[in-house]
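Encoded as structure tokens, the structure appears first; notes follow it.
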Amino acid sequence: MTVSEQRLQEALSQLKQSGVRITPQRHAVLEYLMQTMEHPTADDIYKALESKFPNMSVATVYNNLRVFQEIGLVRELTYGDSSSRFDCNTTKHYHIICDSCGKIVDFHYPTLDEVEQLAEQVTGFDVTHHRMEVYGKCEDCQASLQTSH
Ligand SMILES: [Zn+2]
Ligand SMILES: [Zn+2]
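The letter at position 66 of the sequence shown is residue 66 when you use my numbering, and the numbering goes up by one with no holes.
Shown next, in the form of structure tokens:
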């Protein structure tokens with residue numbers, strides 16, 4: 001069993017424990033999320049699965065994502081007006097984002113707990129979490145930039 005298969009099995013049993021019915025579409029959305037290292041939008045997921053499930057709509061994908069989110073299987077990453085990305089890596093990690101193609105890649109760095117503590121002290125907020133994003137050009141975009149010159 002591969003790592004992503006194992007994670008899928010774990011996610012499925014978590015759904016079962018939460019009393020969520022596993023429909024073929026729900027299974028497919030979850031499987032797609034567990035296999036991709038990208039951070040897809042609901043639209044990306046819809047496009048990837050629409051040939052398999054012609055009756056499925058983007059709204060169905062969204063509904064499934066909400067269910068997964070409530071159980072803690074995915075995290076939603078919102079970016080102002082542009083559509084949310086969904087991340088099934090629920091361990092603590094940071095993101096680096098490509099300015100050119102929008103690709104989001106995970107990387108690990110010790111959690112910046114001090115920032116949260118300091119923010120709490122300075123502002124009196126009850127801090128729940130923080131988000132840090134690093135921006136740049138991914139290797140693919142660097143390469144295509146070089147060949148176009
Ligand atoms: Zn890129
Ligand atoms: Zn991520």
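Virtual Cβ for every residue (Gly too), placed ideally from N, Cα, C. Model, not experiment: these values are computed from the prediction.
Residue pairing by DSSP places residue 107 opposite 94 in a beta bridge. Per DSSP, reduced to three states, the secondary structure at residue 77 is strand.
Counting along the chain, no beta strand (DSSP E) covers residue 127, and no H or E run does either. A Cβ closer than 6 Å to some heavy atom of ligand 2 marks a residue here, and those residues are 39, 87, 89, 93, 95 and 106. Spatial neighbours of residue 90 in its own chain (CB-CB distance under 8 Å, excluding positions within 5 residues in sequence) are listed in chain order as 72, 73, 74 and 75. With a cutoff of 7 Å, residue 47 does not count as near ligand 1, since its C-beta is closer than that to no heavy atom of the ligand.
Counting of Cβ neighbours within 10 angstroms places residue 8 among the buried residues, the total reaching 16 or more. Judged by DSSP in its simplified three-state form, residue 3 adopts helix. Ligand 1 has a heavy atom closer than 7 Å to the beta-carbon of residue 140.
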